[in-house]
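>
Residue numbers (this note's numbering), protein chains in the order written: chain A, 229 to 522; chain B, 20 to 408.
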């Protein structure tokens, strides 16, 4: 029984990791209705900037994290300005392809020798890992840190979206750009802020990911990005708590499959569940059915 | 405004392209002239992962290749050697691209490389069907020289193969470490780790040991907590990790986090300065060679390498050095740049004295016959333990 509980904790850690990325994914989608495929790569850039911060430039960890978040917020705004804004009123597929292009650009540009370089780097842990036993179950300070950060992020995002003026603007833009503009909302600024916040959260996720799995490389964002996207869809894309719920389900399914069925089946079963959920509830677990706008 | 920009873009694009054409055109002319002036020329391609997840392998191997050519004065028999160096990034698709370039554009007579089985297998298919000799220093999968029971005549290697490595590793675990139980974790998408895992399992079971767990993962996996939690419960004596240094470092760290106390064991993929020495301390791995081996060939090589590069040569440098020398020797014997003649001379090699083993000859599968070295990771270094057949 203890063994099962330990596996569930493993699954929780993985799930919260996915949640870190899924939150930014789903927030951007909720406002702009654009699947930002470059999100996983902004996450990668965040991991690298964070690594440079605490391992190379010798910054204290909180400062390294803030630095990575600021750099990635800027990067997010620039990506939106160059790659998405010109296509805002083009067919959806154009923006989607542009997003794929940005994703590939970030991966291969980062691989260049004078940028991050294509090599795997071992990340020295900036904080000593501490093992605790809570009711006989092993848990580490890094696991606790990840869980706390995700919960705080979730709370902040909810407050931002439902309790602030910019949040109100975001919700307005999400419904209808033109109507929002008529109401005096600056649509461009609102979308820029959305990307800045989403990308800053991706950076935060990247740094924590690099601490939990201490190895980084320019293509590290692809798989977690895909899994986080899946998690966001599973929970209902565009719905903030849905991203966390979806991520936790993904983490549990993967870990329990690897532990009790077969480690080779983990991705197959995780994605099969996604397909099943989408067949039964196309808008995701927490999704409301929406009538198509004409 | 937009139209004007577009015009400038086209103009500058044309300019850049024409400069590129000019430069590459010049390059070809020069090569032709050099060939005419320097007498007979033989082109040798060198493929290795010079960037990417195992770039330290490639960097070391290139040092071995360069030193072998330098010591031979860039000559073999009557031929001046013209090396062509390409990078496969340890990616199977990229390997096919660069090998196609070597064969179809540079018209090389022989290829030295690549380093991992992952990239060497597709390259060997291309080289063999185009009748170009290939000798790899370090690709250990049997599939490099044999496909479906049929020998690829033009393909050779300077290292032992996976069955040998897995078998000797298992024997060492049973006889020297007195291990009773072992757990195995391997990459399901890589022939190298599949081969080592299978042969270790077979030999360990045959020798009376028990494999209590065998699990696979995918190349991109970074979270191994689920399988490692299972393994921790079984308390095996040995955890066999036959993957490359960056992956085993990651798994090793998580294994210790999960309280696994087993002795880590692995193969030659561990041999890198980027291995996490602290995590892997006390682990054993099978390898091709050790600089602490007292044979005079080994000691001379270590000295020469140190004099040129200021560091100890690793297995990748050594085996690529051996592979290059075996090839140069065959070119000299055949005294020809015809790949078919070079291939015959290589196959007929007898009593060649190399760093990684004396008296080397090739068996009918293009594999050299020689012993395996066992090393231990200890205090940030490798310690020579034994050589075993």
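Don't be surprised by glycine CBs; every beta carbon is placed ideally from N, CA and C.
If you draw a straight line from the C-alpha of residue 400(B) to the C-alpha of residue 190(B), how long is it?
Position 381 of the second chain, counted from the first residue, corresponds to residue 400(B). Position 171 of the second chain, counted from the first residue, corresponds to residue 190(B). Each residue's Cα considered, the two are about 23 Å apart.
> Would you mind giving the Cβ-Cβ distance between residue 252(A) and residue 426(A), rounded to the nearest angstrom? I have them listed as a contact below 8 Å.
The residue labelled residue 252(A) in the question sits at position 24 within the first chain. The residue labelled residue 426(A) in the question sits at position 198 within the first chain. Yes, they are in contact, since the Cβ atoms of residue 252(A) and residue 426(A) sit about 4 Å apart, within 8 Å.
> Report the option in 262(A), 436(A), 326(A), 339(A) whose CA atom is closest to the CA atom of residue 186(A).
The shown model of chain A, from 229 to 522, leaves out residue 186(A), and the question about it has no answer.
> Identify each residue in the segment 59 to 73 of chain B for which the Cβ-Cβ distance to at least one residue of chain A is less than 8 Å, and report them in chain order.
Those would be 70, 71, 72, in chain order.
> If we ignore side chains and look at the alpha-carbon of each, how far apart do residue 194(B) and residue 351(A) end up?
For the purposes of this step, residue 194(B) is taken as residue 175 along the second chain, with counting starting at 1. For the purposes of this step, residue 351(A) is taken as residue 123 along the first chain, with counting starting at 1. Approximately 37 Å, taken between the alpha carbons.
> What did DSSP end up calling residue 349(A) once you bin it into helix, strand or coil?
Translated into the one-based positions of the first chain, residue 349(A) becomes position 121. Reduced to three states, the DSSP call for residue 349(A) is strand.
> Determine the burial state of residue 473(A): buried for a count of at least 16 other Cβ atoms within 10 Å of its Cβ, exposed for fewer.
Within the first chain, numbered from 1, the residue matching residue 473(A) stands at position 245. Residue 473(A) is buried by the Cβ-count criterion.
> Closer than 7 Å, Cβ to Cβ, to anything on chain B: give me those residues from the segment 326 to 339 of chain A, in chain order.
Listed in sequence order: no entries.
> List the endpoints of the continuous beta strand (DSSP E) containing residue 405(B).
Looking up residue 405(B) in the second chain gives position 386. Looking at the DSSP string, the run of the beta strand (DSSP E) that includes residue 405(B) is 400 to 407.
> Enumerate in chain order the residues of its own chain whose CB-to-CB distance from residue 309(A) is below 8 Å, with the five nearest sequence positions on each side excluded.
Mapped onto the first chain, residue 309(A) falls at position 81. Hits under 8 Å: 420.
> Terminal residues of the continuous alpha helix (DSSP H) containing residue 361(A)?
Position 133 of the first chain, counted from the start, is the residue given in the question as residue 361(A). Premise fails: residue 361(A) lies in the beta strand (DSSP E), 359 to 362, not in any alpha helix (DSSP H).
> Count the other CB atoms within 10 Å of the CB of residue 516(A); is the residue buried (16 or more) or exposed (fewer)?
Along the first chain, one-based indexing puts residue 516(A) at 288. So residue 516(A) counts as exposed.
> May I ask you to verify whether the segment 327 to 342 of chain A touches the segment 286 to 295 of chain A, counting CB pairs closer than 8 Å and requiring at least 3?
Not touching, per the Cβ criterion.
> Got a sec, what are the start and stop residues for the alpha helix (DSSP H) residue 257(B) sits in?
Taking the first residue of the second chain as position 1, residue 257(B) is located at position 238. Taken as a continuous stretch (DSSP letters only), residue 257(B) belongs to no alpha helix (DSSP H), being part of the beta strand (DSSP E) at 257 to 259.
> In three-state terms, what does DSSP make of residue 328(B)?
By 1-based counting over the second chain, the position of residue 328(B) is 309. It is helical.
> Would you list, in chain order, the members of the segment 235 to 250 of chain B that have their beta-carbon closer than 9 Å to a beta-carbon of chain A?
From the segment 235 to 250 of chain B, only 235, 236, 237, 239, 240, 241, 242, 243, 244, 245, 246, 247, 248, 249 have a Cβ closer than 9 Å to chain A.
> What do you reckon, are the CB atoms on residue 370(B) and residue 382(B) nearer than 7 Å?
Position 351 of the second chain, counting from 1, holds the residue named residue 370(B). Position 363 of the second chain, counting from 1, holds the residue named residue 382(B). It is not a contact, given that the beta carbons lie outside the stated cut-off.
> Between residue 269(A) and chain B, is the shortest Cβ-Cβ distance under 7 Å, so that the two count as touching?
Residue 269(A) sits at position 41 when you count from the first residue of the first chain. It does not; no Cβ of chain B falls within 7 Å.
> If you compare alpha carbons, which of 431(A), 300(A), 400(A), 501(A) is closest to residue 416(A)?
One-based indexing of the first chain puts residue 416(A) at position 188. If we check each option's Cα against that of residue 416(A), 400(A) comes out closest.
> If we define contact as Cβ-Cβ less than 7 Å, is residue 260(B) a contact residue for chain A?
As a first step, residue 260(B) is located in the second chain; it is residue number 241 there, counting from the start. Chain A, which has no Cβ nearer than 7 Å to the Cβ of residue 260(B), makes this no.
> In the segment 236 to 248 of chain A, which residues sit with their C-beta less than 9 Å from some C-beta in chain B, listed in chain order?
So the close ones are 237, 238, 239, 241, 242, 245.
> Output the residue ranges of the alpha helix (DSSP H) runs that lie fully inside the segment 280 to 347 of chain A and measure 4 residues or longer, sorted by chain position.
Counting only runs of 4 or more, we get 289 to 307, 320 to 339.
> Could you tell me whether the Cβ of residue 53(B) comes closer than 7 Å to any Cβ of chain A?
As a position in the second chain, residue 53(B) is number 34, starting the count at 1. Residue placement at residue 53(B) cannot be trusted, given a pLDDT of 45 that sits under 50; the coordinates are not used to answer.
> Going by DSSP, what residue range makes up the alpha helix (DSSP H) through residue 371(A)?
As a working mapping, residue 371(A) is identified with position 143 in the first chain. Per DSSP, residue 371(A) belongs to the alpha helix (DSSP H) from 369 to 391.
> Taking the alpha carbon of residue 266(A) as the point to measure from, which residue in 357(A), 232(A), 307(A) has its own alpha carbon closest?
In the first chain, counting from the first residue as 1, residue 266(A) sits at position 38. Of 357(A), 232(A), 307(A), the residue nearest in Cα terms is 307(A).
> I want to verify the contact list: residues of chain C whose CB lies under 8 Å from the CB of residue 442(A), in sequence order.
Considering every chain present, this structure includes no chain C. Its protein chains are A and B.
> Which chain A residues sit within Cβ distance under 8 Å of residue 108(B)?
If you number the second chain from 1, residue 108(B) lands on position 89. Chain A residues near residue 108(B): 346.
> Leaving out five residues before and five after residue 389(B) in sequence, what residues of the same chain have Cβ atoms less than 7 Å from its Cβ?
Looking up residue 389(B) in the second chain gives position 370. The answer, listed in chain order, is 179, 375, 376, 379.
> May I ask which residues mark the beginning and end of the alpha helix (DSSP H) holding residue 447(A)?
Locating residue 447(A) in the first chain gives position 219, where the first residue counts as 1. Where residue 447(A) is concerned, there is no enclosing alpha helix (DSSP H), given that its DSSP letter is neither H nor E.
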